Amino acid sequence: MIHLNHITAEQAERVIYDLRAIIQSGMVPGGLIQANDQMRKKLFEEKSYPFGENGDNINIKFFSDKAEENQCVVTNQWEFPKTSVQGGKRLDLVFLINAIPMVIGETKDTSKECRDLGRWCCGYDKLSKKYS
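To convert, count from 1 in the sequence shown and add 1; that's this note's numbering.
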């Protein structure tokens, strides 16, 4: 964020604080949908901060239109918001752009999954023929 916006570390911390507050608001019952909407707005719409000259508002860019200016990372076994031993979640694969999780993937043991999938497909085939 600092390299995209030419802001100070303190200013970046203020933006990160706001993003974390949105994430925390989604952890209460019924808060996830509202938090998702707030995060979308913060990332793509309502993103101005008084970081310009004389306190003028400037729009913060979280992503660059130039792919080479973005930092992309794919993680393996990312634990969030704390370690899984402490009750956090372990995510198998996470694709991040500029440290913002964009895609989360869950991998499974294919040996058991294929057997289960085979049973499911067989059951689906029987039902579809019966009700076609």
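Glycine residues also receive a C-beta, built at the ideal position from the N, C-alpha and C atoms. Treat the numbers as computed from the prediction; the structure is a model and nothing was measured.
Endpoints, beta strand (DSSP E) assigned at residue i
i, result
"Glu80", "Cys73 to Phe81"
"Asp93", "Lys90 to Ile98"
"Ile105", "Ile101 to Gly106"
Residue i at chain C interface by Cβ criterion, 8 Å
i, result
"Met2", "Here there is only one protein chain, and chain C is not present."
Rounded straight-line distance, which links the Cα of residue j to that of residue i
i, j, result
"Arg91", "Phe52", "36 Å"
"Met40", "Asn6", "19 Å"
"Gly56", "Asn99", "26 Å"
"Lys62", "Pro30", "31 Å"
"Tyr18", "Thr108", "31 Å"
"Ser65", "Ile59", "15 Å"
"Ser49", "Gln12", "12 Å"
"Gly32", "Val104", "21 Å"
"Glu80", "Glu54", "39 Å"
"Ala36", "Val74", "24 Å"
"Ala22", "Asp38", "13 Å"
Segment limits, alpha helix (DSSP H) that includes residue i
i, result
"Val16", "Ala10 to Ser26"
"Met40", "Leu33 to Phe45"
"Ile61", "No alpha helix (DSSP H) holds Ile61; DSSP gives it neither H nor E."
"His4", "Ile3 to Asn6"
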